[in-house]
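Here numbering that gives the first Met the number 0 is used: the first residue of the sequence shown is 0, the next is one more, and so on. Beneath this line is the structure, given in structure tokens, with notes to follow.
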Amino acid sequence: MPVMYTRASEVQHQRRHLHPHKFRKYSLQEGGRVGVLLPSLPIGERNALASATEETLPEADQDDLRSHRSVDPRALRRHKIQLRGSTVHVSRKDGGDKTMQSLFTDTINKKLLDHSPHSVFVQLDELLANEDGDSEWKETARWIKYEEDLEEGSARWGKPHVASLSFHSLLNLRRCLETGVVLLDLEEKDLPGVAYRVVERMFSDGLIAEDDKAVVLRSLLLRHKHVHDEKFRFSISGRKQSSYTSLQNLSDFKRRQSTHMIIGDRLDTRKKSSAAGLDTREVEYLAAAAVDSQDKLRRPHNDSIMKRIPDDAEATTVLVGAVGFLEQPTIAFIRLAHGILMPSITEVPIPVRFMFILLGPTTAQLDYHEVGRSISTLMSNPTFHSIAYKAEDRHELLSAINEFLDDSIVLPPGDWERQALLPFEELRAKSEMIRRRKRDAIEKKRAATTTTDEASPIEEKKALLIAESGGPPDKEPDDPLSKTGRLFGGVIRDMRRRYPHYVSDFRDALNGQCAAGAIFMYFAALSSAITFGGLLAEKTYNTIGISETLVFTSVGGVFFALVAGQPMMITGATGPLLLLDESLSNFCHSYGFDFLAARMYCGLWMIVIALLVASLEGSVAVKKITRFTEDIFAFLISMIFISEPITNIINLYRMHPLGYDYCQKENITITPPIINSTLSDGSTNFTMPLPPPKHIIPPQPNTALFCTILTLSTFIIAYYLRIFRNGKFLGRSARRALGDFGVPIAIIIMVGVSAIVPVWTENLKVPDGLSPTAERSWLVPLNPGLETIPFWAIGAMVLPALMVYIIVFMETHIAELIIDKPERRLKKGSGFHMDIVVMSLVNAVCGMFGAPWQCVATVRSVSHVSALTVMSTTHAPGDKPHIVEVKEQRLTGLLVAIMVGVSVLASGWLRLVPMAVLFGVFLYMGISALGGIQFWERAILLLKPVKHHPQVPYVRRVPTMKMHLFTCIQIMGICVLYAVKSSRISLALPFFIVLMVPLRMTLVYLFTPLQLRALDGAQKDIEKDDEPDFYEEAPLP
0 MPVMYTRASE
10 VQHQRRHLHP
20 HKFRKYSLQE
30 GGRVGVLLPS
40 LPIGERNALA
50 SATEETLPEA
60 DQDDLRSHRS
70 VDPRALRRHK
80 IQLRGSTVHV
90 SRKDGGDKTM
100 QSLFTDTINK
110 KLLDHSPHSV
120 FVQLDELLAN
130 EDGDSEWKET
140 ARWIKYEEDL
150 EEGSARWGKP
160 HVASLSFHSL
170 LNLRRCLETG
180 VVLLDLEEKD
190 LPGVAYRVVE
200 RMFSDGLIAE
210 DDKAVVLRSL
220 LLRHKHVHDE
230 KFRFSISGRK
240 QSSYTSLQNL
250 SDFKRRQSTH
260 MIIGDRLDTR
270 KKSSAAGLDT
280 REVEYLAAAA
290 VDSQDKLRRP
300 HNDSIMKRIP
310 DDAEATTVLV
320 GAVGFLEQPT
330 IAFIRLAHGI
340 LMPSITEVPI
350 PVRFMFILLG
360 PTTAQLDYHE
370 VGRSISTLMS
380 NPTFHSIAYK
390 AEDRHELLSA
400 INEFLDDSIV
410 LPPGDWERQA
420 LLPFEELRAK
430 SEMIRRRKRD
440 AIEKKRAATT
450 TTDEASPIEE
460 KKALLIAESG
470 GPPDKEPDDP
480 LSKTGRLFGG
490 VIRDMRRRYP
500 HYVSDFRDAL
510 NGQCAAGAIF
520 MYFAALSSAI
530 TFGGLLAEKT
540 YNTIGISETL
550 VFTSVGGVFF
560 ALVAGQPMMI
570 TGATGPLLLL
580 DESLSNFCHS
590 YGFDFLAARM
600 YCGLWMIVIA
610 LLVASLEGSV
620 AVKKITRFTE
630 DIFAFLISMI
640 FISEPITNII
650 NLYRMHPLGY
660 DYCQKENITI
670 TPPIINSTLS
680 DGSTNFTMPL
690 PPPKHIIPPQ
700 PNTALFCTIL
710 TLSTFIIAYY
720 LRIFRNGKFL
730 GRSARRALGD
740 FGVPIAIIIM
750 VGVSAIVPVW
760 TENLKVPDGL
770 SPTAERSWLV
780 PLNPGLETIP
790 FWAIGAMVLP
800 ALMVYIIVFM
810 ETHIAELIID
820 KPERRLKKGS
830 GFHMDIVVMS
840 LVNAVCGMFG
850 APWQCVATVR
860 SVSHVSALTV
870 MSTTHAPGDK
880 PHIVEVKEQR
890 LTGLLVAIMV
900 GVSVLASGWL
910 RLVPMAVLFG
920 VFLYMGISAL
930 GGIQFWERAI
940 LLLKPVKHHP
950 QVPYVRRVPT
960 MKMHLFTCIQ
970 IMGICVLYAV
980 KSSRISLALP
990 FFIVLMVPLR
1000 MTLVYLFTPL
1010 QLRALDGAQK
1020 DIEKDDEPDF
1030 YEEAPLP
């Protein structure tokens, strides 16, 4: 004992030479303990000194001292002092006092506590009995964003869902936090340390008796059983893994309390000094078992759920349960100073930052499970857990609960059904309205307390940012469709935005996803090119066919991929341009003009029109094209695509009628004409019969019926594979692959069926090698026919050129608007002004070579972007995958174009494709496009009673009669356009489509702005479980 006091005197003598303010530290962990000032003494001597010091105090003061050892002595905090210099140098000599260094380090660490909010993983464990009758902590629910409950019997997690809480459980939770233990920034390194500190604080606050300290600590250190522990529970070790102990023996354990303490290797000295009720061997066993469990960092965990948890996440562990040895509930809310890995507790190996403990008697009027769900839901709420990270006392936590209740929506009790609930969108809107109202009230209150001569905090921050950046920056308009006011300003801006990324456009394509996307898009582009090429040959009397379509789809695609401002778009022949070629072909045949020569002049005029529009930044006019015009245009194209196969099948039945007996047809004798020919010298006279014309095909048996089967089967296979894409069979990747390749799969299957069945069908006409469909040279000026177009007609060709330009303009910009949506997170810019010029140059070349018009294909472009979109794999269970990035590059479009061009060499295979199969693809395009047209949905509502109308904005915000009036106006516009298309002035169809824009402007006199916004505005789509189809995103086929 004298030696101990001598060393203590030495320490006190050394402390006299230290500044009393800089390094003295009282914290939640060490405040109120005598040993904190004597860290250099041996443990035994330090405890003896503490006991001797306490004995000199009155008995009442000794009790008060013991009961407040774990309380933060706020009155003994460091004094605030003014530093005389801006730099403080701290050093010590060798062999100096180490206490100063340790205290200085603790002070620095306390300042460096991380109170910034992290992502939270919440785990709810309940104290339950297992099969052997032993008690253990069993994981029953978890939260990443939504609640997942353990499904009893199947030992797996249920479907993620929004937690529904009872109001009574939230009130009980609030009462628990008002009376329970709240420890903030607790500095401990392991589970036994945390459990010990919690038990001591519960005892000091009077929540548990001294006799209950040991059993509560023992309960907190019981084994934790997780859901994935059910799998592969085979163990070759003899150690029992069910639990550390059984709560059935806790009453016996209390009788074996001992007053002697032996310091264990695993427990800190301060944990033993007041745990007088714990048996030494039991304490050592529990601590060793718990620490041994914490050392198992390499034990297998559920890797799939680890991918869903953010990297910076910290865990919240909620422990609730009913026990028989407590007379009243005891509660503790703990925020650790630093995250601690506790693999014995958490399902996943992430650090634990928060703990909530609720133990109580079984007879208490308290639903422990619901209270645990309540605090777990609160901790998974971003607003509450942000406050929990920064809270300094329990009052801030209670205020956060009140805020949570203020933002909640209460459902009244009653016997109601799910259909009686408002749509989720409305519930979310109501919740957002509540938050907005509170935010506005706070802003008004803050504005009222702020004097007018003082700058607002927001203005001060803006001024500071401007000052730090050296003045206000010269802003370039972010909107690519805003005018610059300069000649060709939009084209120049597109080049400046996109071309700096030119090298990365090829470097970013060197990955597996781009290779897979290129293969997928090759089949999509090839099937479309074959379809439109085959139909174009029929509409233009075999002047333009598959050879021209494949070759110049390749040429145009290569040029566009290398030069365009948005190379993610795929070019090729489209339905509207096919209709224009059909109209122009009929027009030229009517007036005796050469079709290819007229197209050549149209292509040259397109360059002039495109340069004129680009110089005036005319692409901004696309903002005038609203859903009203888009729906009319898209529905018209869908109607044409649906009517063409029907017309073709009707013609087949006329050419090849069904008959009861086809044998008589074979006996028909066709007498060939006889030609008498005399040679020039008159010496020879002979007679030669001519063969019948090759284009006249006699009626064939079963052809019409078989072509009907081919058309409908192609449509059914492609359409149901599209539905299968969002089905429930197979995995997501397999379903997507089958759905995305639906059209090529349907074509291949039906071509195989056609080859097997011995019935005559009309197939594609494809020339051998790299040659045009008709017998002509590639360059149009080298062919006869230019003389058929008079000089005045060359100037008049500006009108059909303008019609073609309108279609190219609309389709290109509509596709680019869909691709450039903010949710796609494209970063390298777009090319609204430049791309239309590039497409006009491509069409000028196509006109020179007699190739079909090229345009940005909307559906193919959306498919291309979707194939190169990287979706999240780490989203919370229950959340939909969100877009992480899009592989913006030029290489995939370049490869697709090259492969389509090389496919012209497979002419032998292409000649096996029946025309009926292509009409089936046409039917599929037309019907699939209807799914993304809002007009079609509103047209169906004309036949439905009001009570069956869906809860969508244009139904809820617009009177029914006005909604039907808007639909009827669109029907009238579609009828006018279809009449124009069927008449001799069909070439002027694009002009009438443009007239829909001023028609839409006149609707402001019939509808209010709110009604027009609901009917014609860009509105958020209803959330569906299915992934949106390409045709729903891009209605233009």
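For each residue, glycine too, the CB sits at the ideal point set by N, CA and C. Source: prediction; values computed, not measured.
Candidates the options: closest to residue i by CA position
i    : options                   : result
H114 : L182, F332 and K389       : K389
M568 : E643, R859, F728 and L397 : R859
D184 : I339, E146 and H167       : I339
L549 : A850, P780 and G931       : A850
T178 : R200, L190, Y195 and R196 : R200
E761 : M749, D767, V912 and V836 : V912
S589 : S985, W136 and Q122       : S985
E815 : P799, I973, V619 and F487 : V619
E822 : S379, C845 and V864       : V864
A703 : V916, I631 and F965       : V916
F403 : R393, P412, T376 and S927 : T376
H167 : E146, H368, E346 and L396 : H368
V895 : D819, Y521 and S218       : Y521
For residue j and residue i, the rounded distance between their alpha carbons
i     : j     : result
R307  : V883  : 14 Å
E774  : K764  : 13 Å
L1002 : P1008 : 10 Å
T139  : Y498  : 55 Å
I491  : D834  : 12 Å
R495  : K482  : 15 Å
V807  : F551  : 16 Å
T787  : I793  : 11 Å
S732  : I518  : 15 Å
L578  : V957  : 36 Å
G726  : R734  : 7 Å
S776  : N782  : 7 Å
L942  : I722  : 25 Å
V317  : F934  : 52 Å
M809  : N842  : 15 Å
For residue i, the three-state DSSP class (helix, strand or coil)
i     : result
F120  : strand
E815  : helix
L893  : helix
L1002 : helix
V912  : coil
L801  : helix
P1008 : helix
H227  : helix
H874  : coil
I333  : strand
A128  : strand
H500  : helix
W777  : coil
P1037 : What is shown of the chain runs 0 to 1036, which leaves residue 1037 out entirely.
L657  : coil
W852  : coil
Identified DSSP bridge partners for residue i
i    : result
C175 : Answer is none; C175 lacks a bridge partner.
G320 : L358
A845 : In the sequence as presented, Ala is not what sits at residue 845; that position holds Cys. According to DSSP, which records beta bridges pairwise, C845 is partnered with nothing at all.
L185 : L335
A140 : L123 and D148
S134 : A128
| query | In chain order, which beta strand (DSSP E) runs of at least 3 residues are fully inside the region 694 to 765? | reply | Within the region 694 to 765, no run of beta strand (DSSP E) reaches 3 residues while sitting entirely inside it.
| task | Write down every uninterrupted run of the alpha helix (DSSP H) in the region 518 to 593 whose length is 4 residues or greater and which is fully enclosed by it, in chain order. | result | The DSSP assignment places complete alpha helix (DSSP H) segments of no fewer than 4 residues inside the region 518 to 593 at 545 to 562 and 574 to 590, in order along the chain.
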